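Data first, discussion second: the structure below is written as structure tokens.
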Amino acid sequence: MTNTSLQSIRNFSIIAHIDHGKSTLADRLIQACGALTQREMHEQVLDNMELERERGITIKAQTVRLQYKAKDGKIYILNLMDTPGHVDFAYEVSRSLAACEGSLLVVDASQGVEAQTLANVYQAIDANHEIVPVLNKVDLPAADVEKVKAQIEEIIGIPADDAVEVSAKTGLNIEAVLEALVTRLPPPKGDVDAPLQALLVDSWYDSYLGVIILVRVKEGSIKKGTRLRMMSNGRTYIVEQVGVFTPHMQEVESLGAGELGFINAAIKTVADCHIGDTITDDRRPAAEPLPGFKPSIPVVWCGLYPMDADDFEKLRESLGKLRLNDASFHYEPETSAALGFGFRCGFLGLLHLEIIQERLSREFNLDLIATAPSVVYHLYRTRGDMEELHNPADMPDPSLIERIEEPWIKASIMVPDEYLGAVLGLCTERRGQQVDLTYVGSRAMVVYRLPLNEVVFDFYDRLKSATRGYASFDYQMDGYAESDLVKISILVNQEPVDALSFVAHRSVAESRGRAICAKLKELIPRQLFKVAIQAAIGGRVIARETLGALSKDVTAKCYGGDISRKRKLLEKQKEGKKRMRQFGKVEIPQSAFLAALKIDR
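Here is the structure:
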């Protein structure tokens with residue numbers, strides 16, 4: 001490829017809030033460029049994961065190369081990246097933006113600018129992107145194009161006069177989007193003759209080919225037979241296959257500066273691929289690596305254990321393969337008295353946790369037990385050192401702790417005026433501190449500081465319920481602050497169940513403990529003896545429920561006769577139950593472990 005043909009390349013991503021039509025717009029662009037035949041076309045063609053189709057959300061950013069003949073007669077190569085909209089997958093978005101020069105900002109013409117629209121557009125501005133606003137769903141009766149244009153200018157601060165008005169569902173005005181791409185977005189910069197510098201954007205494991213890498217070539221070129229070097233660890237590989245997605249995998253001779261594509265270099269070990277790494281030519285290396293991505297910081301941790309202890313190694317391998325495909329997911333081995341060997345896993349949010357669990361179950365056929373999720377606390381000991389607490393079961397004796405700090409977030413919530421009271425009530429209930437309240441037309445934008453511990457469980461669900469689904473929510477981390485936190489242990493039949501222990505603020509400890517005990521009473525099957533379910537802070541029991549014994553009618557065989565005979569049988573049963581209570585083991589079903597999340601608080 002010569003430098004002149006760089007002018008005919010456009011690398012762009014599609015960013016938007018959830019459900020504003022990113023994937024549908026991507027479908028129409030693929031159709032308009034003739035990348036797939038009518039027979040091959042189906043809805044959300046880039047959402048190729050079964051989970052994405054079921055839930056109707058994008059989880060993984062996907063890439064596709066399109067050819068478009070513009071009105072000026074030139075043929076352009078368009079590299080499109082469709083990105084997720086949910087706050088838990090913001091890391092996927094940041095990686096996609098680093099590989100592009102411009103973005104299509106899709107805004108629903110009936111819903112307007114939402115919280116995640118803002119978060120994603122600010123990421124694009126930070127990445128120095130040229131942004132083209134696209135108003136989608138203009139065919140809906142509720143669409144208000146002028147009002148939404150005014151919102152884009154007022155809230156985001158970018159001109160929206162020339163925003164492209166489309167309907168991705170019907171295909172209205174898709175040609176105008178393609179023209180805007182080639183006329184308003186800049187071509188990539190780069191020199192095909194310079195030493196190779198390629199950014200490792202994504203990677204995944206293929207059971208036939210091994211590790212496949214998605215790269216954005218910044219300088220130089222890659223072709224079959226090139227000996228590559230990973231700049232982070234110095235490992236070298238020989239390229240066996242170079243190609244692009246159209247959206248099918250298609251081999252090409254080479255990838256030059258400014259292009260996006262995949263390479264296969266028979267990489268067997270998953271750990272050798274670091275997302276954000278720079279790939280260079282081993283014989284003619286680049287002087288310095290490209291700036292990679294900021295490492296993602298997990299905010300929610302949870303233990304994952306195999307149901308069958310023999311599956312531990314299979315779980316380790318599966319987590320390694322998933323980590324390759326999802327760099328925002330972290331894991332480390334741990335053991336539990338109740339559950340045996342497993343892994344402590346870090347996620348960017350509860351949806352992220354749910355998706356990883358589902359993928360382990362479907363793609364790797366694993367049956368797992370998950371412990372209650374918790375956030376990372378900073379624990380300062382009396383001897384002066386600080387440690388990060390990922391697992392509530394590891395919390396030391398309170399006499400050894402000087403103070404505990406919990407993570408806080410800055411949440412932006414956009415909500416129609418009539419639901420504002422419900423939102424303020426919910427945030428106050430969750431120990432929130434109001435920072436700002438502004439209006440854009442009839443919609444309020446509330447900014448709150450909230451403890452992350454109060455948000456990770458069911459805050460999003462409660463917010464959606466309180467506002468009938470009209471509120472949108474986005475957050476970023478906002479440091480740590482000291483708090484009066486206590487560890488609540490759950491005891492079943494006098495034995496602590498470490499997998500169910502959790503950390504809570506002292507003011508809500510009693511109500512949470514009572515709620516968990518009541519829930520466990522419903523979920524634990526009845527035994528032949530009474531079972532005490534208790535919540536305790538240290539040695540002080542704060543809540544208790546008693547699970548009644550299953551009673552067997554031992555006097556059924558007595559027909560009439562002396563009452564003392566019945567009494568003797570009942571006494572014998574009583575003695576037996578007393579002994580069982582001392583030595584009896586209570587099996588807790590998996591649903592009880594998940595009950596800790598589902599409490600209506």
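At position 3 of the sequence shown the residue is numbered 3 (the working numbering), and the sequence of numbers has no breaks. Ideal Cβ positions, reconstructed from N, Cα and C, are used throughout, including at glycine. Quantities reported herein were computed from a predicted structural model and do not represent experimental measurements.
Please state whether DSSP places residue i in a helix, a strand or coil.
i: H352; result: helix
i: R10; result: strand
i: P611; result: This structure leaves residue 611 out entirely; the chain is present only between 1 and 601.
i: Y208; result: coil
i: E510; result: helix
i: T371; result: coil
i: T236; result: strand
i: R565; result: helix
i: L366; result: coil
i: Q494; result: coil
i: E253; result: coil
i: E288; result: coil
i: Q476; result: strand
i: G102; result: strand
i: G340; result: strand
i: E200; result: Note that residue 200 is Leu in the sequence shown, not Glu. If DSSP states are grouped into helix, strand and coil, L200 belongs with the strands.
i: Q241; result: strand
i: A549; result: coil
i: F262; result: strand
i: A499; result: helix
i: G346; result: strand
i: R316; result: helix
i: S5; result: helix
i: L324; result: helix
i: V192; result: coil
For the beta strand (DSSP E) containing residue i, name the first residue and the last one.
i: I609; result: This structure cannot settle anything about residue 609, because the visible part of the chain is limited to 1 through 601.
i: I524; result: Per DSSP, I524 belongs to no beta strand (DSSP E) and is neither H nor E.
i: C302; result: V300 to P306
i: K410; result: I401 to P416
i: K530; result: Run containing K530: none; DSSP gives neither H nor E here.
i: V455; result: Not the beta strand (DSSP E): V455 falls in the alpha helix (DSSP H), residues L452 to V455.
i: Q433; result: Q433 to V440
i: R383; result: Careful: R383 lies outside any beta strand (DSSP E) and carries neither H nor E.
i: E130; result: E130 to N136
i: I275; result: It is not in any beta strand (DSSP E) - I275 carries neither H nor E in the DSSP assignment.
i: M230; result: R227 to M230
Which whole-angstrom value is the C-beta distance of residue i and residue j, which I expect to be below 8 Å?
i: A160; j: P186; result: The Cβ separation is near 20 Å, so there is no contact.
i: A257; j: E219; result: 5 Å
i: L66; j: L25; result: In fact, because the Cβ distance is near 13 Å, the residues do not count as touching under 8 Å.
i: V177; j: V300; result: Wrong, their Cβ atoms sit about 37 Å apart, outside the cutoff.
i: A16; j: D474; result: At roughly 13 Å, the Cβ-Cβ gap does not stay under 8 Å, so A16 and D474 are not in contact.
i: V215; j: G243; result: In fact, because the Cβ distance is near 11 Å, the residues do not count as touching under 8 Å.
i: L550; j: Q527; result: 7 Å
i: Y419; j: A471; result: 7 Å
i: I404; j: S489; result: Not really, about 16 Å apart at Cβ, beyond 8 Å.
Tell me which residue opens and which closes the alpha helix (DSSP H) that residue i is part of.
i: N120; result: A115 to D126
i: T24; result: K22 to A32
i: V423; result: L420 to E429
i: L623; result: The question about residue 623 has no answer, for the chain in this structure spans 1 to 601.
i: K147; result: V145 to Q151
Relative to the C-alpha of residue i, which candidate in the options has its C-alpha closest?
i: K223; options: Y205, V252 and V447; result: V252
i: P298; options: P373, R283, D461 and I267; result: P373
i: E130; options: Y208, I14 and Y205; result: I14
i: G641; options: A543, L528 and S507; result: Past the boundaries of the shown model lies residue 641; the chain is included only from 1 to 601, so the question cannot be answered.
i: D193; options: W204, P285, P398 and T428; result: P285
i: G171; options: P333, K530 and D27; result: D27
i: L616; options: G112, V121 and E114; result: Since the first and last residues shown for the chain are 1 and 601, residue 616 lies out of range.
i: E363; options: K314, E482, H20 and R383; result: K314
i: M307; options: A532, S336 and L290; result: S336
i: E406; options: A393, D417 and Y480; result: Y480
i: G210; options: D562, L348, E240 and P195; result: E240
i: P333; options: C302, T117 and R431; result: C302
i: K487; options: A536, L463, K530 and A370; result: A536
i: D108; options: C100, R95 and L140; result: L140
i: G320; options: L569, Q250, C345 and P195; result: C345
i: L520; options: A509, L500, L135 and R95; result: L500
Please tell me whether, using a cut-off of 8 Å, the distance from the CB of residue i to the nearest non-hydrogen atom of the ligand NAD is below it.
i: V497; result: The ligand NAD is absent from the structure shown, which contains no ligand whatsoever.
*At least 3 beta-carbon pairs within less than 8 Å: the region 135-151 vs the region 180-194*: no
*How do the region 417-429 and the region 459-468 stand: do at least 3 beta-carbon pairs fall below 8 Å, yes or no?*
yes
*Is it true that the region 350-370 meets the region 508-525, where meeting means three or more beta-carbon pairs spaced less than 8 Å apart?*
Under the Cβ criterion (8 Å, minimum of three pairs), the region 350-370 does not count as touching the region 508-525.
_Check whether the region 398-418 and the region 441-449 touch, using three or more Cβ-Cβ pairs below 8 Å as the test._
yes
_If contact is defined by three or more beta carbon pairs under 8 Å, each pair taking one atom from either stretch, is the region 6-13 in contact with the region 64-81?_
Contact between the region 64-81 and the region 6-13 is present, because at least three Cβ pairs lie under 8 Å.
*Do the region 228-243 and the region 269-283 make contact, defined as three or more Cβ pairs closer than 8 Å?*
yes
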